[in-house]
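Letter by letter, the sequence shown follows residues 1 to 257 in this note's numbering. We treat Cβ as the ideally placed atom computed from N, Cα and C, and that holds for glycine.
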Amino acid sequence: MLYLILAFIGALLFLIGACFFSFLNVVVWRTPRKESLVHGRSHCPVCGRVLTAWELVPCFSFLALRGKCYGCGAKIPVRDFWVEVLGGVLFLACNVHFGLMTGRALLSFALLFILTVVALMDWDTMEIYDRFHVMILGCAALSLWLFPEITLMERLIGCLCVSAPMFALAMIVPGGFGGGDIKLMFALGAYLGWKNTLLAAFFGVVSGGLYAVMLLRKKKAGRKDQFAFGPFLCTGAAAAIFFGQPILQWYLSLWQI
Ligand SMILES: [Zn+2]
């Protein structure tokens, strides 16, 4: 019986997260096109047909429709489906990791929501809007209260420990980093504190570097080509949110022989 209840709660949490990230897909689609987020019902971008209620159920409607618009048969991007799955997994993970429906869980999920928007929009448009940096700073202000173990000093150092070297590097090598990436690491530093910010940057550089090598190998990009770095920094930050503590403890234990 206990397992049944746990499975039910898990499924419910997954569905809530998927609903939020279903809305996230709308944000990522509409913001660069300057469409309103609140006005205008969800519609098929090809035929313009307004979606019915059951088509708004995340994940399942995509599977039921086999990835096609019910009206015109246009393909629904597979990415939208996986983003909804990601939302479900992240909401579940936040509630397991930070406690069921605690302020810490909800704030972490809010930050992951913003990071996913930033990552997808940067991937699509190579641009990170300032409003998202401000939202991350808003989360950081709340985390000062919900994550008091990260002191104000650690946060202030966090703001600069990665963004300042990135800024210096951008001055020396023009076009090395975008201003959006630098501001992103500044805002994330205020949320994460300097230890997790360094970890997030490390994960970001390693994963971004691997991706760049892969592109060069496939000869899809030349040495001078640019790619969006934001998604990798966001992935690094997400990894730091969940695994920062154990990784840092393990790392420090290496030095205490
Ligand atoms: Zn359609």
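Indicate whether at least one CB of chain C lies closer than 8 Å to the CB of Val28.
Among the chains of the structure shown, chain C does not appear; only one protein chain is present.
Please confirm whether any heavy atom of ligand 1 lies closer than 7 Å to the CB of Arg49.
Counting from 1 along the sequence shown, the entry for residue 49 is found at position 49. Yes, since a heavy atom of ligand 1 falls inside the 7 Å radius drawn around the Cβ of Arg49.
Using the three-state DSSP reduction, which class does Val162 fall into: helix, strand or coil?
Sequence index remark: in the sequence shown, residue 162 carries index 162 (1-based). Here Val162 sits in coil by DSSP.
Just confirm the distance between the C-beta atoms of Val205 and Met185, as a whole number of angstroms; I'd bet it's less than 8 Å.
If you number the sequence shown from 1, residue 205 lands on position 205. If you number the sequence shown from 1, residue 185 lands on position 185. Met185 and Val205 do not touch by the CB rule: their CB atoms are close to 11 Å apart, not below 8 Å.
Should Trp54 go down as buried or exposed, given a rule of 16 or more other Cβ atoms within 10 Å for buried?
For the purposes of this step, residue 54 is taken as residue 54 along the sequence shown, with counting starting at 1. Trp54 counts as exposed, since fewer than 16 other beta carbons sit within 10 angstroms of its beta carbon.
Can you confirm whether the stretch 106-114 touches the stretch 166-181 when touching is taken to mean that 3 or more C-beta pairs between the two stretches lie within less than 8 Å?
Flag = no, the stretch 166-181 and the stretch 106-114 do not touch.
I believe Ala237 touches Leu115 by the beta-carbon criterion, under 8 Å. Please report the beta-carbon distance rounded to the nearest angstrom.
In the sequence shown, counting from the first residue as 1, residue 237 sits at position 237. In the sequence shown, counting from the first residue as 1, residue 115 sits at position 115. Taking the Cβ atoms as the reference, Ala237 lies roughly 6 Å from Leu115, within the contact range of under 8 Å.
What residue range is occupied by the uninterrupted alpha helix (DSSP H) comprising Tyr211?
Here the question's residue 211 lines up with position 211 in the sequence shown. Boundaries of the alpha helix (DSSP H) around Tyr211: Gly179 to Arg217.
Going by DSSP, what residue range makes up the alpha helix (DSSP H) through Tyr70?
Position 70 of the sequence shown, counted from the start, is the residue given in the question as residue 70. For Tyr70, no alpha helix (DSSP H) encloses it, and the DSSP letter there is neither H nor E.
Kindly indicate which three-state DSSP category Val50 falls into: helix, strand or coil?
Position 50 of the sequence shown holds residue 50. DSSP places Val50 within a strand segment (E or B) once states are collapsed to three.
Counting only the same chain and skipping the five closest in sequence on each side, list residues whose C-beta sits under 6 Å from that of Ala140.
For this step, residue 140 is matched to residue 140 along the sequence shown. Contacts found: Ala190 and Tyr191.
Own chain, CB closer than 6 Å to Phe98, minus 5 neighbours either side, in chain order:
Locating residue 98 in the sequence shown gives position 98, counting from the first residue. Closer than 6 Å at the Cβ level, and outside the excluded window around Phe98, lie Arg104, Ala105 and Ser108.
Please find out if some non-hydrogen atom of ligand 1 comes closer than 7 Å to the beta-carbon of Cys159.
Translated into positions along the sequence shown, residue 159 becomes position 159. Placement of the Cβ of Cys159 at a distance of 7 Å or more from every heavy atom of ligand 1 is found.
His97 by DSSP, collapsed to three states: which one?
Start at 1 with the first residue of the sequence shown, and residue 97 comes out as number 97. In the three-state DSSP reduction, His97 falls in the helix class (H, G or I).
Once you ignore the five residues that flank Arg79 on each side, which residues in its own chain have a CB closer than 7 Å to its CB?
Position 79 of the sequence shown holds residue 79. Here Arg79 has no same chain residue with a Cβ atom under 7 Å from its own Cβ, once five neighbours each way along the sequence are excluded.
What do you reckon, are the CB atoms on Ile16 and Phe91 nearer than 8 Å?
The residue given as residue 16 occupies position 16 in the sequence shown. The residue given as residue 91 occupies position 91 in the sequence shown. Yes.
What is the C-beta distance between Gly87 and Phe20, in whole angstroms, given that I count them as a contact (C-beta under 8 Å)?
Your numbering for residue 87 matches position 87 in the sequence shown. Your numbering for residue 20 matches position 20 in the sequence shown. Sure, about 5 Å apart at Cβ, within 8 Å.
Simplified DSSP assignment, three categories, for His133
Locating residue 133 in the sequence shown gives position 133, counting from the first residue. Residue state, collapsed to three classes: helix.
Can you give me the C-alpha to C-alpha distance between Ile128 and Gly230, rounded to a whole angstrom?
On the sequence shown, position 128 is the one that residue 128 refers to. On the sequence shown, position 230 is the one that residue 230 refers to. Approximately 8 Å, taken between the alpha carbons.
Tell me His43's beta-bridge partners as DSSP assigns them.
Taking the sequence shown and counting its residues from 1, one reaches residue 43 at position 43. Val50, per the DSSP bridge assignment.
Simplified DSSP assignment, three categories, for Glu154:
Sequence index remark: in the sequence shown, residue 154 carries index 154 (1-based). Glu154 falls in the helix class under three-state DSSP.
Find out if the Cβ-Cβ distance for the pair Leu65, Ile76 is shorter than 8 Å.
Working through the sequence shown from its first residue, we reach residue 65 at position 65. Working through the sequence shown from its first residue, we reach residue 76 at position 76. For Leu65 and Ile76, yes; Cβs fall inside 8 Å.
Assign Gly88 to one of three DSSP states: helix, strand, or coil.
As a first step, residue 88 must be located in the sequence shown, where it is residue number 88. In this structure, Gly88 counts as helix in the three-state DSSP scheme.
For Ser64, is the beta carbon positioned less than 7 Å from some heavy atom of ligand 1?
For the purposes of this step, residue 64 is taken as the residue at position 64 of the sequence shown. Reading off the sequence, residue 64 comes out as Ala, not Ser. Every heavy atom of ligand 1 is 7 Å or more from the Cβ of Ala64, so no.
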